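In the numbering used here, the protein residues as written are 1020 to 1583. Have a look at the structure below, then the notes.
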């Protein structure tokens, strides 16, 4: 038995621990209280980095909030990309600005590195509505000898001096998106992992939440980390009141190994603010949706959407990756015509895999199945072509306890002897292809996806207990109009959207199936380009379109204001 002295010693040893526990609880309580005090006061904006737009009639379409009221706004963040500077802008009632539109009247202003008094104004490249509280302004790279820390002003006016300098963020190291997913937060981060199709150790990462890059109040542990996606537990205060998390900045930190088994904590700079998907809880799910990421496809998206809607697609998520060809108006017209198309501005270059992970979260509550494919890819049913054929295919597996993904082989079509884009659309114009199929594309059940959301070449990793099914080529194939006439094909040399696929101009993996065999890295048309990639004449899909959709597509070419 223990002696009475030992018992007294043990009691004394317990007292400091009990005192420490009470103090820690008290600190947690006050931290929780302080967080919500700040949270509930966030509706009172404070403008530090301010641009005041004048009330002249020439710029009234940009600065008018309500009936001529002068509007103030602030620069939240800047991001330096290889070919432009992105400014994230917010302000009082910014969601109600109905004509910020193309940015007419706005200038990007650069200051001389040597004589700070000298400024140079250049017209903005574009302005886009980003979310409910922010706009995106794209500026050219600075002229020689001028700073990249760009600000804004209305043309001919003087910019109000900045009281707080908003730092320039490098695109190579940045938390750029954050979204709620149940009781977790998913943060999209550039620069923490360069490994394709590989998961990282989540114990290396933490998520942080607050109101600025220097003001993070809450921290939670990472649950998964793969490629550019980190999933973290949602802090309790946000889990209890998720509606109050909208607009809270989120980032990720990681441990950098040092000498003598020490680690240094590195915080990733962030422009990411939490958002959540908006949907009606009692609305039945769509059987089939489609998600794509594109750049400058205004002249081809109508044919693609019209045809696949005929096959049974009910909702479209279009991730627009910096298009400047008027695609927004085309999408708006398609939506007004009843095609249920939504455009999601996605300004982050070479992040297709992350964008698809983001789309999978958005679509989870609205769709039983989601197809991830490109605008030049068209499903074709050789034996049973007809209305709703694709929706019927996926519906057969909706109740399956184990099938989480349907994979369909792709057949690559060439220029088919043409010298200019076919006026009746790609499905009618391109009719010669390669013999052997290349790769596959997938339709997935969002609920079956692995929590990492890891995906490669349009197919995802699945949760344990789910598997993929290969769709037989007698049932369905995808006509991939990959090698079109040179006028259309050379646009691929601008930039590719996938993270882990080399751009056409890069001298990497030149023999890969992701590239054009024998083309090289320069956008120079080979003399025999129109005759290449032609081994089998295949008019199957052309015949289906002419028999069932020719009138619809012909009307659409005029209604959409484009020539496909």
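Even for Gly, the Cβ is constructed at its ideal location relative to N, Cα and C. Every value quoted in this text rests on a predicted model; they were computed, and no experiment measured them.
Could you say which of the options lies nearest to residue i if we only look at CA atoms?
i            : options                : result
residue 1167 : 1390, 1323, 1104, 1148 : 1104
residue 1305 : 1385, 1234, 1240, 1563 : 1385
residue 1260 : 1360, 1563, 1199       : 1199
residue 1569 : 1509, 1255, 1155, 1329 : 1329
residue 1158 : 1216, 1164, 1126, 1150 : 1126
residue 1542 : 1507, 1564, 1571, 1555 : 1507
residue 1573 : 1405, 1325, 1209       : 1325
residue 1336 : 1318, 1296, 1369, 1154 : 1296
residue 1147 : 1141, 1107, 1130       : 1107
residue 1195 : 1218, 1247, 1255       : 1247
residue 1340 : 1393, 1302, 1275, 1453 : 1393
residue 1397 : 1419, 1422, 1427       : 1427
residue 1571 : 1197, 1231, 1327, 1237 : 1327
residue 1172 : 1165, 1142, 1155       : 1142
Output yes or no for whether 8 Å exceeds the beta carbon distance between residue i and residue j.
i            : j            : result
residue 1211 : residue 1273 : yes
residue 1391 : residue 1460 : yes
residue 1098 : residue 1193 : yes
residue 1096 : residue 1290 : yes
residue 1240 : residue 1225 : yes
residue 1446 : residue 1551 : no
residue 1253 : residue 1202 : yes
residue 1548 : residue 1505 : yes
residue 1411 : residue 1331 : yes
residue 1462 : residue 1389 : yes
residue 1469 : residue 1488 : no
residue 1357 : residue 1317 : no
residue 1434 : residue 1502 : yes
residue 1402 : residue 1498 : no
residue 1308 : residue 1408 : no
residue 1150 : residue 1288 : no
residue 1204 : residue 1293 : yes
residue 1373 : residue 1269 : no
residue 1218 : residue 1473 : yes
Opposite residue i in the DSSP bridges: which residues?
i            : result
residue 1241 : 1251
residue 1188 : 1098
residue 1154 : 1108, 1148
residue 1269 : 1228
residue 1284 : 1274
residue 1555 : 1452
residue 972  : The requested residue 972 is not part of the displayed model; the chain covers only 1020 to 1583.
residue 1170 : 1128
residue 1459 : 1428
residue 1196 : 1207
residue 1488 : 1425
residue 1398 : 1497
residue 1218 : 1245
residue 1390 : 1309, 1462
Label residue i either buried or exposed according to how many other C-beta atoms from any shown protein chain fall within 10 Å of its C-beta, with 16 as the threshold for buried.
i            : result
residue 1277 : exposed
residue 1235 : buried
residue 1311 : buried
residue 1322 : buried
residue 1068 : A caution first: residue 1068 carries a pLDDT of 38, below 50, which makes its placement in the model too unreliable to give a value.
residue 1563 : buried
residue 1415 : exposed
residue 1544 : exposed
residue 1376 : buried
residue 1436 : exposed
residue 1477 : buried
residue 1283 : exposed
residue 1275 : exposed
Looking at residue i and the ligand HEM, is the gap between the Cβ and the nearest heavy atom below 7 Å?
i            : result
residue 1481 : Of ligands this structure carries none, so the ligand HEM is not represented either.
Specify the secondary structure class of residue i as computed by DSSP and reduced to three states.
i            : result
residue 1477 : coil
residue 1452 : strand
residue 1233 : coil
residue 1132 : coil
residue 1290 : coil
residue 1149 : coil
residue 1438 : coil
residue 1549 : helix
residue 1351 : helix
residue 1314 : coil
residue 1500 : coil
residue 1464 : coil
residue 1143 : coil
residue 1367 : coil
residue 1563 : helix
residue 1322 : helix
residue 1262 : helix
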